[in-house]
Every structure is written in structure tokens, then in C-alpha cells.
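Participant: If you use full-length UniProt numbering, the sequence shown corresponds to residues 1 to 591, in order. A virtual CB, placed ideally from N, CA and C, is assigned to each residue, including glycine. The structure follows.
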Amino acid sequence: MKIYLLTLYLLLLCMAGVAFRFVGLNWDRGFLLHPDERFVSMVTQDLTLPAGIREYLDTASSPFNPHNRGYGFFVYGTFPLLLTKYLAQFNPEVSVLLLGRLLSAFADTAVILLLFLIGRRVFGRFLPGLIASAAYSLSVLPIQLSHFYAVDTFMVFFLVAAFYFLLIAITSRRLSICVLFFGLTGIFLAFAIASKVSAVIFAVVVFVGLIFLWRQSRSLILAILAGVVFVIAGYFSLRFTLPYLFADNRLITFSLNPKVLENWQQLQNLSNRDAYFPPAVQWFNVRPAPYVFENLTLWGLGIPLAIIVWLSLLYSPFVLRRHPLIALPLVAVMALGGYQLFQTAQPVRYYYPLFPFFALLAGFLIYWLFRSPGFRWLSVTLLLLLIIWPASFAGIYIRPHSRITASYWIYQHIPWGSILACEHWDDCIPLPFGSLTSSLFTHLELPLYGPDTRQKWQDLSGKLSRLDYILTTSNRLYGSINSVPEKYPVTIRYYDLLFSGGLGFTKVSEFTSRPNIPLKGIHTCLIPPFIHYGSVALPLQECPLPGISFVDDYADETFTVYDHPKVIIFQNTGRKSQDEIFSLLSPPDGS
Numbered sequence: 001m002k003i004y005l006l007t008l009y010l011l012l013l014c015m016a017g018v019a020f021r022f023v024g025l026n027w028d029r030g031f032l033l034h035p036d037e038r039f040v041s042m043v044t045q046d047l048t049l050p051a052g053i054r055e056y057l058d059t060a061s062s063p064f065n066p067h068n069r070g071y072g073f074f075v076y077g078t079f080p081l082l083l084t085k086y087l088a089q090f091n092p093e094v095s096v097l098l099l100g101r102l103l104s105a106f107a108d109t110a111v112i113l114l115l116f117l118i119g120r121r122v123f124g125r126f127l128p129g130l131i132a133s134a135a136y137s138l139s140v141l142p143i144q145l146s147h148f149y150a151v152d153t154f155m156v157f158f159l160v161a162a163f164y165f166l167l168i169a170i171t172s173r174r175l176s177i178c179v180l181f182f183g184l185t186g187i188f189l190a191f192a193i194a195s196k197v198s199a200v201i202f203a204v205v206v207f208v209g210l211i212f213l214w215r216q217s218r219s220l221i222l223a224i225l226a227g228v229v230f231v232i233a234g235y236f237s238l239r240f241t242l243p244y245l246f247a248d249n250r251l252i253t254f255s256l257n258p259k260v261l262e263n264w265q266q267l268q269n270l271s272n273r274d275a276y277f278p279p280a281v282q283w284f285n286v287r288p289a290p291y292v293f294e295n296l297t298l299w300g301l302g303i304p305l306a307i308i309v310w311l312s313l314l315y316s317p318f319v320l321r322r323h324p325l326i327a328l329p330l331v332a333v334m335a336l337g338g339y340q341l342f343q344t345a346q347p348v349r350y351y352y353p354l355f356p357f358f359a360l361l362a363g364f365l366i367y368w369l370f371r372s373p374g375f376r377w378l379s380v381t382l383l384l385l386l387i388i389w390p391a392s393f394a395g396i397y398i399r400p401h402s403r404i405t406a407s408y409w410i411y412q413h414i415p416w417g418s419i420l421a422c423e424h425w426d427d428c429i430p431l432p433f434g435s436l437t438s439s440l441f442t443h444l445e446l447p448l449y450g451p452d453t454r455q456k457w458q459d460l461s462g463k464l465s466r467l468d469y470i471l472t473t474s475n476r477l478y479g480s481i482n483s484v485p486e487k488y489p490v491t492i493r494y495y496d497l498l499f500s501g502g503l504g505f506t507k508v509s510e511f512t513s514r515p516n517i518p519l520k521g522i523h524t525c526l527i528p529p530f531i532h533y534g535s536v537a538l539p540l541q542e543c544p545l546p547g548i549s550f551v552d553d554y555a556d557e558t559f560t561v562y563d564h565p566k567v568i569i570f571q572n573t574g575r576k577s578q579d580e581i582f583s584l585l586s587p588p589d590g591s
């Protein structure tokens, strides 16, 4: 393939990646089915723009401080909320949710452009940067997060911009340009921290950049000056974009807000194994490295791109002598990824900041393969394969959300007045459609995340005996609870009996919206090997869509539960008594 044809194809891939980010932004029809989005949207709606800069900076009284608006626990950055709230006033008819999603998609699209510019500066040619842009544009995790109004895409855009400015600073031969762009690096890193505080880890990359500048210029004074400018610019930017990190309204202050520090400590405490904080349960027994490797390979990157990324991480150190700037994306991967590997929570989306740097390294590897005559067609084949996974994934934003489809089914097939049970810490259905609301039914909650005590199972046995239907609206509970047998021996037995029919409940319907390639004459589901998370549901799995479906039901919970969860409805056809159910579960004495 000639260079101009490859360039054209790469541009088309980038355009496809951009389209994937904007398709179906109203994927949940405004029902706020993503809990983080729900919270961020509520806070944004309730915040009020301050009258002036003094009021804005006054932590104790600012109407834009979430702590002053009834939100005592807030651990996100406020800059994305400030930006969204400010722009919302120009078009009040657009909901905060949709505006936030639109800004999120634009932020991630801007990363695609920045990677092209970064690639040109690192490798001195336009093609590696264009390949990096194409690789990133077709990465599924960024496509997914572009559909959410959360802080992640804002943070990653500002990080990549800071990285770009850092590269300009350390490669410039003019003192004024070097100092100016170290200042811009500090400003944009502050923007990233004001979006999500974990971005502070990127300071390691800046420190390596300063060492690079010192060795290249042989001027320690220049490196110190650049570092001072970086710190000063970063501080003042952080002071204005994350003002409530500080305790008072002085422009220069090093007194931190005790409420923010308390919130961070509360978040840390919730990750404790003894806290029984439901969102943390699924990672109690996880070995981070293999868990993340599996989820990034199968879902976040997709197998074709993952192969390229992992090979590029092995290949890049060998070309540092010819391309020393490759050290910076390598350091970014090690710093950001290494920090996250030591955390309790291991959702695949927490590794999203690595994706732009993965793309840069992958871009150079594919470029090297293309330049080698023996591997040219291999590189082209890999690029052709990249489109399959994101194209199949983007389809979930075109189809109705599985909880919406399940809600319509409930109104049509379950008699009004029936007793329905939803699980603790998961969204309940049916969703409201005009005059059709959940008030047509009686709802009970199953608090299955509570410790396995005898009292818990006496109460739940009574509820189960009265129920007409059990609604599992995602794999959140049966996936996470089954991964911690030492804490939930009875709850695990409950799920085994529920899915096998031993409790008298029969599965009557299932709703999924999996990544799919619609092909006529083919009807198959591809299931990854060695599944663990939520495997109790495997025997009941259905394959409804024509074509090739990629079964991600058993991926990291956060990858599916927001935009395409599996909903399963069980009907009480066996009608067992409370004593019979309690006997079947047989909780151990003294538990």
C-alpha cells in the first residue's frame, strides 16, 4: 500500500472514531442510568454561578462549592462542572446531562488531534502521529467514556495537552519558548487536577521532562527556572479552577480545606475490606495486574489493538537511543499505571489516562512495521482489524438501553399489582413512561450486600416467599458477591439456587445489548475463555441478536453496567414458604 493510500485510510479511521464518540449521546433517554453521571448532573444543576471572583474563591460561602449546597461528600474536581454550568446558561433548553456528554465527546475528540501533533514532534514524521490518532480514535474505552458526563474525559484531554506543551518546551531552542511552554504545562496539568485529583501523578512525567531539558541544554539554571515557572503557573491555575481545595479566600494560601481532606479519607476508608462498601466488594480478591491485563485486552482496547500495544511496550525501550523522547510516554504509562495498580479499586476506566500514551507507542510500532517490506502487509492487516471492535461496540448506542426495553416488557407482561424485588445498590425498573410508572407494582428491596447474618436471611426468606418476580438489572451484585466467598457464603448459595431454579424462581426473560456485527446468515455469540465475574449466569445465557455478538457480560462490571447491562427477570413459579427457603439456604450457626 502506498503512503498516500495509507494516509487516506488513516484519516477515514479517525473520522469513524470521531463519529463513534457522538453517535447516540442520549443513549438512556434522560433516565440518568449511570450513577456517577446522575450525581454529577445533580450537583451541577444545584450549583449557582457566583456573583464575582471574590465570592467564587471564598470556600466558606461560595454558591459553587458543593459542600455549601448540601453535598457533604464530594470527591470529584469542580472544573468540568464549572465549565458545563457556565455554558449551560447560553442555552437553558439543553439539559445539563446532554451538554456535559457533548463536552465530554468534544474533549476526547480533541485528544485525537493532539496525538497527531505529539506524534509528529516525538518521531519527526507525520505518519506515526496519524497512526497514533487512528489507534486512539478506535479505542473502545475512550469511545464509551465520551458518552458519559463525568470528569474523566476532561482530565485526560488536559493531561494530553500538558504533555504536548511539555514536549514543545523541552525541544525548543529558545529560552522564552521553553519557559512559556513549561508555564502552559503547569496550567493544563492544574486543569487536569481540577478535573480529577489523581492527575497529580503526571507531575512525575514533568520531572523527567525537566531532567531531559537539563541534560540536553546542559544548564541546571534553565531547568530550575522552567520548574519554578511550572510550579507558579500550576498553583495559580489550580487556585482558580479548584478553589475549594483551599481553606480560605486568600489568593496565596497553603491551607487546605479540611472538608476536602475528610472526604478523601472517607473514600479511602470505604475501600477497607471490613467496610462492606458495595462498589468496592468486587475488587477484594482481585490480583490487579492479570485482572487489568485481561480487561484491557478483551474490552478496553480490543484484541487487535491490545496486541499492538503490548508489543509496542516491549519494543519501545530498544529504540530510545534513536528516539529519546519515547521515554516520556513510557514514563507516563509506568507512573499512571503503576499508581493505579496499587489501589484497591481496579475498574478498567481508571486506566483510561494510559490510552493516549498507548496509542503513541502503538503508532510508532505500526509505522516501523510499515517501513519494513516484510511486515508491510501485516501492519495494514492490523489497521484493517482495528475497526471491528469499536464498530460493533458503537451499536449499543443506537439500540434501546436494555433497562428501557425490559421496562416496556414488564408493563406488557407482568400483571399490575404484582410484587417485584430489585437488588440493593442497583437501579430498579420499570422506568416511567408517561402514565406507566413503577407505582403500578409493589416493590421490595433485597439488601444482599449486607453481611451474611442469620437475621439477614430470616428477613430475606420472608421477602422471597412473598415475591412474584425478582429483577436483576445488571451483573453488579451476583458478579461481585460471588467473587468474595469468604464474606458471602450464604448469598453465593442464594444465587446458585436462584439461577438453577432451586428457590422456585424461573427465568422468564433476559435483555441484553451486546457489541454486535450484524451479518446475515450468521447467529453466534463469542464468549471469552476463563470467565469469572458473574459466571453463575452463564448456563442461562441467551444469544438473541443476528450476526456476531461479543459477549461482554463477564467483563469488569463498570464496563457494562451503565450503558448496556444484562437484565434478567425471574418469576416465582414454585412458591416456597419462608421456612422452606431458609432451610434451603442453610446459614451456618452463629453467622
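Quick one: what's C525 bridged to in DSSP?
Facilitator: In DSSP, C525 forms a bridge with S549.
Participant: Could you compute how far the alpha carbon of Y367 sits from the alpha carbon of Y164?
Facilitator: Looking at the two C-alpha atoms, the distance is approximately 20 Å.
Participant: How is G17 classed by DSSP in three states: helix, strand or coil?
Facilitator: G17 falls in the helix class under three-state DSSP.
Participant: For K520, count the other beta carbons within 10 Å of its own beta carbon; 16 or more makes it buried, fewer makes it exposed. Which is it?
Facilitator: That one is exposed.
Participant: Residues in its own chain within less than 6 Å of Y397 by CB, not counting five upstream and five downstream?
Facilitator: For Y397, where only same-chain residues beyond five positions count, the Cβ hits under 6 Å are V23, G24 and W27.
Participant: Is C543 helix, strand or coil by DSSP?
Facilitator: Three-state DSSP puts C543 in coil, outside helix and strand.
Participant: Which residues mark the beginning and the end of the alpha helix (DSSP H) in which V23 is found?
Facilitator: Counting along the chain, V23 falls outside any alpha helix (DSSP H), and DSSP gives it neither H nor E.
Participant: So, with DSSP's three-state summary, where would you put F158?
Facilitator: Helix at F158.
Participant: Tell me whether M155 is buried or exposed, calling it buried when 16 or more other Cβ atoms sit within 10 Å of its Cβ.
Facilitator: By the 10 Å Cβ count, M155 comes out buried.
Participant: Which two residues bound the contiguous alpha helix (DSSP H) that contains T295?
Facilitator: First, the residue type needs correcting, since residue 295 is Asn and not Thr in the sequence shown. Here the alpha helix (DSSP H) through N295 covers P288 to N295.
Participant: Counting Cβ pairs closer than 8 Å, one from the region 520 to 533 and one from the region 399 to 412, do we hit at least three?
Facilitator: Output reads no: the region 399 to 412 does not touch the region 520 to 533.
Participant: Can T185 and A169 be called in contact, C-beta distance under 8 Å?
Facilitator: Contact flag set, yes.
Participant: What does DSSP give as the partner residues of V567 in its beta bridges?
Facilitator: DSSP, once it has assigned bridges, lists F511 as partnering V567.
Participant: Could you check the C-alpha separation between L238 and H67 for me, to the nearest Å?
Facilitator: When rounded, the distance between both Cα atoms is 18 Å.
Participant: Would the beta-carbon of Y495 fall within 8 Å of that of V551?
Facilitator: No; because the gap between Cβ atoms is not below 8 Å, this pair is not in contact.
Participant: Thinking S146 and R21 are a contact (beta carbons under 8 Å), I'd like their distance in whole angstroms, please.
Facilitator: Right, the Cβ-Cβ distance comes to about 4 Å (below 8 Å), so this counts as a contact.
Participant: With a CB to CB cut of under 7 Å and the five nearest residues on each side skipped, what residues in its chain are close to T84?
Facilitator: So the qualifying residues of the chain are T44, V96, L99, G100 and L103.
Participant: Is it a yes or a no for the region 221 to 238 touching the region 176 to 183, going by three-plus beta-carbon pairs under 8 Å?
Facilitator: Touching, yes, given that three or more Cβ pairs across the two stretches are closer than 8 Å.
Participant: Tell me where the alpha helix (DSSP H) around E557 begins and ends.
Facilitator: Taken as a continuous stretch (DSSP letters only), the alpha helix (DSSP H) holding E557 covers E557 to T560.
Participant: Let's test the definition: count the other Cβ atoms within 10 Å of the Cβ of G129 and tell me whether it reaches 16, buried, or not, exposed.
Facilitator: Buried is the call here.
Participant: Quick check: the Cα distance between S591 and Q455, rounded to an integer number of angstroms?
Facilitator: Its pLDDT being 49, under 50, S591 is placed unreliably in this model, and the coordinates cannot settle the point.
Participant: So, does the region 570 to 588 touch the region 468 to 480, judging by three or more C-beta pairs under 8 Å?
Facilitator: Yes, since at least three Cβ pairs between the region 570 to 588 and the region 468 to 480 fall closer than 8 Å, the two stretches touch.
Participant: Please look up how many angstroms separate the CB atoms of V122 and L325, rounded, as I've assumed it's under 8 Å.
Facilitator: Their Cβ separation, rounded to whole angstroms, is 5 Å, which keeps V122 and L325 in contact under 8 Å.
Participant: How far does the beta strand (DSSP E) with A306 in it extend, from its first residue to its last?
Facilitator: Here A306 belongs to no beta strand (DSSP E); instead the alpha helix (DSSP H) covers I303 to Y315.
Participant: Helix, strand or coil for R575? Go by DSSP, reduced to three states.
Facilitator: DSSP places R575 in coil when its eight states are reduced to three.
Participant: Of the choices K566, T59, G534 and P35, whose alpha-carbon is the least far from that of L251?
Facilitator: Ranking K566, T59, G534 and P35 by Cα distance to L251 puts T59 first.
Participant: By alpha-carbon positions, which one of D274, V561, F73 and R273 ends up nearest to D427?
Facilitator: Cα-wise, what sits closest to D427 is V561.
Participant: Could you tell me which residues DSSP puts in a beta bridge with A88?
Facilitator: A88 pairs with nothing; no bridge assigned.
Participant: Taking only three categories from DSSP, how would you classify S591?
Facilitator: At S591, the pLDDT of 49 sits below 50, so the modelled position is not reliable and the matter cannot be decided from this model.
Participant: Starting from H413, follow the alpha helix (DSSP H) in both directions and report where the run begins and ends.
Facilitator: Run containing H413: S402 to H413, per the alpha helix (DSSP H) assignment.
Participant: What whole-angstrom Cβ distance do I304 and L365 have, given they're in contact under 8 Å?
Facilitator: The sequence given here places Pro at residue 304; Ile does not occur at that position. With a Cβ gap of about 13 Å, P304 and L365 do not count as contacting.
Participant: Quick check on the burial criterion: 16 or more other C-beta atoms within 10 angstroms. Buried or exposed for D46?
Facilitator: By the neighbour-count rule (16 or more Cβ atoms within 10 Å), D46 is not buried but exposed.
Participant: Starting from the C-beta of G502, find all residues in its chain whose C-beta is less than 7 Å away, skip the five residues before and the five after it, and write them out in chain order.
Facilitator: Cβ neighbours of G502 beyond the five flanking positions: L584.
Participant: Considering just the uninterrupted stretch of the beta strand (DSSP E) at A60, what are its terminal residues?
Facilitator: Careful: A60 lies outside any beta strand (DSSP E) and carries neither H nor E.
Participant: In whole angstroms, what separates the C-alpha of S271 from that of E445?
Facilitator: For S271 and E445, the distance between alpha carbons rounds to 24 Å.
Participant: What's the gap between the Cα of G302 and the Cα of Y352?
Facilitator: The alpha-carbon atoms of G302 and Y352 are separated by roughly 14 Å.
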